[in-house]
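*Asks:* In the numbering used here, the protein residues as written are 9 to 458.
Beta carbons: idealized from backbone N, C-alpha and C, even for Gly.
Quick caveat, the model's predicted, so the values are computed rather than measured.
What follows is a structure written as structure tokens; I'll ask about it next.
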């Protein structure tokens, strides 16, 4: 899809006070009907039936009176039929009516309710932030990308309402998110009003991010992995670890994302925040969970030096019982893999070096070394294969329920004073991850409240 911006002149709304009495009566009846859906009925079938019946009424009324798609209710904060449908019809059964109203007047997606502040207040934002209607965002991006190019959507991108809804609601699937970014790739470069990026916004919520979706986004826009959110100066990996530490139901998707980030962007493992905290520090109090243990092991393998590194208000991994037990096994695994690499090189290079020699002594030594290295490799591989079982035994020993434990527990107050200069020294540490404010628009652009 093109990244060019398309400017389309929007339709001006019609106040309901300008309608004739009969049309205005129909408009009010449709409004009232949206409020009267029996959401607390005894059966789903009854609710679905009421929604489908209202769909037919809306479609028939707007087909007979097309002006209804362009009308706003002056006595009710300039709500349109589309807005009331987005706000009051809460289930997917109402999508046919919502899509029909959008097709008849897509400009209504940008009409703001009269009491809206700078943070949205339009049907496009209501759809993006709705647990059910957000699934329409991909279709809107495909069909009406110019809506997302409008200054209201540039100043307050509905992308982040959508991603926030995805990250908080387990019923919101990953497929509409991917469809949205495929249709509107400019969303990858957007920043929220708080300075978040899409990669940070999609992580760390109650709903665990789908690993395949994250990897696809990273491949489409790899630059996004290197950016940090303005609030808290948090990297993508810190957001992943924050979600993992905060929610017990996180699982293999998060581990796959951590593996991917370690492989594709290894600097993130070493990237410190203003208080010198690393991604691993936020996980250490939750090593009673197997999935957190797996993440800690991955991070220690990727950055063994972090084992002795502490930060303001965070103790070093070396002070935690789980890491004290697991680190020797990690170090041993690293040593064995280095030995395998060295001996493999010896086995490969030594025969090449002696292939043209006629010195029987040198050839004999070469053969002995080759035989010894092969035997040694087998021994090392046997020991290496046994390490995962030893690690798993340690992990099982430390599994258990969560405990109430503060990150500051047993922290020496003298350490805090000793490291008080950290924040000041790190204020300028955003050269690689600096934020571009070019996406923030001047206040001279009028939002044009209707």
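Could you check if residue 293 is buried or exposed, using at least 16 other CB atoms within 10 Å of its CB as the buried criterion?
*Replies:* The residue labelled residue 293 in the question sits at position 285 within the chain shown. Label assigned to residue 293: buried.
*Asks:* Spatial neighbours of residue 464 within its chain, please: CB distance less than 6 Å, with the 5 preceding and 5 following residues excluded, ordered by chain position.
*Replies:* Given that the chain is displayed from residue 9 to residue 458, the structure contains no residue 464 and the question cannot be resolved.
*Asks:* With distance defined between alpha-carbon atoms, name the residue in 39, 218 and 162 nearest to residue 96.
*Replies:* Residue mapping note: residue 96 aligns to position 88 of the chain shown, counting from 1. Checked all of 39, 218 and 162; the closest Cα to residue 96 is 39.
*Asks:* Helix, strand or coil, according to DSSP, for residue 322 in the structure here?
*Replies:* The residue given as residue 322 occupies position 314 in the chain shown. DSSP places residue 322 in strand when its eight states are reduced to three.
*Asks:* Could you tell me the distance, in whole angstroms, from the CA atom of residue 342 to the CA atom of residue 310?
*Replies:* One-based indexing of the chain shown puts residue 342 at position 334. One-based indexing of the chain shown puts residue 310 at position 302. A direct Cα-Cα distance of roughly 10 Å separates residue 342 from residue 310.
*Asks:* Counting C-beta neighbours from all protein chains within 10 Å, is the total for residue 141 16 or more, i.e. buried, or is it exposed?
*Replies:* Translated into the one-based positions of the chain shown, residue 141 becomes position 133. By the beta-carbon neighbour count (other beta carbons within 10 angstroms, threshold 16), residue 141 is buried.
*Asks:* Going by C-alpha to C-alpha distance, which of 217, 79, 377 and 44 sits closest to residue 263?
*Replies:* The residue you call residue 263 lines up with position 255 of the chain shown. When each option's Cα is compared against that of residue 263, the closest is 217.
*Asks:* Does DSSP put residue 201 in a helix, in a strand, or in coil?
*Replies:* In the chain shown, the residue the question calls residue 201 occupies position 193. Three-state DSSP puts residue 201 in coil, outside helix and strand.
*Asks:* Tell me which same chain residues have a C-beta within less than 6 Å of the C-beta of residue 279, skipping the five on either side of it?
*Replies:* Walking along the chain shown from the start, residue 279 turns up at place 271. Within the same chain, residue 279 has close Cβ partners 243.
*Asks:* Rounded to a whole number of angstroms, what is the C-alpha to C-alpha distance between residue 230 and residue 52?
*Replies:* Here the question's residue 230 lines up with position 222 in the chain shown. Here the question's residue 52 lines up with position 44 in the chain shown. If you take the alpha carbons of residue 230 and residue 52, they lie about 44 Å apart.
*Asks:* Which stretch, first to last residue, makes up the alpha helix (DSSP H) that contains residue 36?
*Replies:* As a position in the chain shown, residue 36 is number 28, starting the count at 1. Unbroken alpha helix (DSSP H) run through residue 36: 29-43.
*Asks:* Straight-line CA distance for residue 90 to residue 260?
*Replies:* Here residue 90 is taken as the residue at index 82 of the chain shown, counted from 1. Here residue 260 is taken as the residue at index 252 of the chain shown, counted from 1. Looking at the two C-alpha atoms, the distance is approximately 40 Å.
*Asks:* Roughly how far, in whole angstroms, is the beta-carbon of residue 272 from the beta-carbon of residue 344, given that I think they are within contact range, below 8 Å?
*Replies:* Taking the chain shown and counting its residues from 1, the one referred to as residue 272 is at position 264. Taking the chain shown and counting its residues from 1, the one referred to as residue 344 is at position 336. Not really, about 25 Å apart at Cβ, beyond 8 Å.
*Asks:* Which value, in whole angstroms, describes the spacing of the CA atoms of residue 180 and residue 172?
*Replies:* For the purposes of this step, residue 180 is taken as residue 172 along the chain shown, with counting starting at 1. For the purposes of this step, residue 172 is taken as residue 164 along the chain shown, with counting starting at 1. Taking the straight line from one Cα to the other gives about 11 Å.
*Asks:* Given a cut-off of 8 Å on the beta-carbon distance, is the pair residue 118 and residue 158 in contact?
*Replies:* As a working note, residue 118 is residue 110 in the chain shown. As a working note, residue 158 is residue 150 in the chain shown. Yes, the pair counts as a contact, with Cβ atoms nearer than the cut-off.
*Asks:* DSSP state of residue 119, grouped into three classes?
*Replies:* Counting from 1 along the chain shown, the entry for residue 119 is found at position 111. Under the three-state reduction of DSSP, residue 119 is assigned to coil, being neither helix nor strand.
*Asks:* List the DSSP bridge partners of residue 23.
*Replies:* Along the chain shown, read from residue 1 onward, the residue named residue 23 stands at position 15. In DSSP, residue 23 forms a bridge with 80.
*Asks:* In terms of residue numbering, what span does the alpha helix (DSSP H) encompassing residue 285 cover?
*Replies:* On the chain shown, residue 285 is found 277 positions in, with the first residue counted as 1. Residue 285 -> no alpha helix (DSSP H), and no H or E assigned at all.
*Asks:* Quick one: residues in its chain with C-beta nearer than 6 Å to the C-beta of residue 25, no 5 flanking neighbours on either side, listed in chain order?
*Replies:* In the chain shown, the residue the question calls residue 25 occupies position 17. Answer for residue 25: 82, listed in chain order.
*Asks:* For residue 387, tell me which candidate among 347, 403, 356 and 397 has the shortest Cα-Cα distance.
*Replies:* Here residue 387 refers to the residue found at position 379 of the chain shown. Out of 347, 403, 356 and 397, 347 has the C-alpha closest to the C-alpha of residue 387.
*Asks:* Report the rounded CA-to-CA distance for residue 266 versus residue 233, giving the unit in angstroms.
*Replies:* In the chain shown, residue 266 corresponds to position 258, counting from 1. In the chain shown, residue 233 corresponds to position 225, counting from 1. Those two C-alpha atoms are separated by around 12 Å.
*Asks:* In terms of residues, what are the limits of the alpha helix (DSSP H) holding residue 214?
*Replies:* The residue labelled residue 214 in the question sits at position 206 within the chain shown. No alpha helix (DSSP H) holds residue 214; DSSP gives it neither H nor E.
*Asks:* Pairing CB atoms from the segment 98-116 with CB atoms from the segment 18-33, are three or more of them under 8 Å?
*Replies:* Taking 8 Å as the limit for Cβ pairs, the verdict is that the segment 18-33 does touch the segment 98-116.
*Asks:* Out of 92, 337 and 377, which one is the CA nearest neighbour of residue 352?
*Replies:* Indexing the chain shown from 1 puts residue 352 at position 344. Selected option, being the one with the closest Cα: 377.
*Asks:* Beta-carbon within less than 8 Å of residue 385's beta-carbon, same chain only, minus the 5 sequence neighbours each way: which residues are those?
*Replies:* The residue labelled residue 385 in the question sits at position 377 within the chain shown. Closer than 8 Å at the Cβ level, and outside the excluded window around residue 385, lie 348, 351, 352 and 355.
*Asks:* Could you tell me the distance, in whole angstroms, from the CA atom of residue 322 to the CA atom of residue 46?
*Replies:* In the chain shown, residue 322 corresponds to position 314, counting from 1. In the chain shown, residue 46 corresponds to position 38, counting from 1. Computed Cα separation, rounded: 52 Å.
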